[in-house]
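Asks: Residue numbers (this note's numbering): 2 to 63. Have a look at the structure that comes next, please.
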């Protein structure tokens, strides 16, 4: 995840820069393997992205 397509594949919502309706909702967004169980982090990131998807869908923007 990053702040621009120049330095990352995904934005802060795990949405790809190049395909606006593609969201990565699993551990694939992490740059390395996890030492601890990342389930809670994955759930939090997915929840945040899902709220964004719902709000954009209601506006017809996604």
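The C-beta atom is built at its ideal place from N, Cα and C for all residues, glycine as well.
#1: Give a yes or no on whether the C-beta atoms belonging to residue 50 and residue 24 are separated by under 9 Å.
#2: Report the three-state DSSP secondary structure of residue 17 (helix, strand or coil).
#3: Does the distance from the CB of residue 26 to the CB of residue 15 come in under 9 Å?
#4: Could you check the C-alpha separation between residue 12 and residue 19 for me, to the nearest Å?
Replies: According to the structure data:
#1: Contact: yes.
#2: DSSP places residue 17 in strand when its eight states are reduced to three.
#3: Their beta carbons are under 9 Å apart, which means residue 26 touches residue 15 by this criterion.
#4: 10 Å
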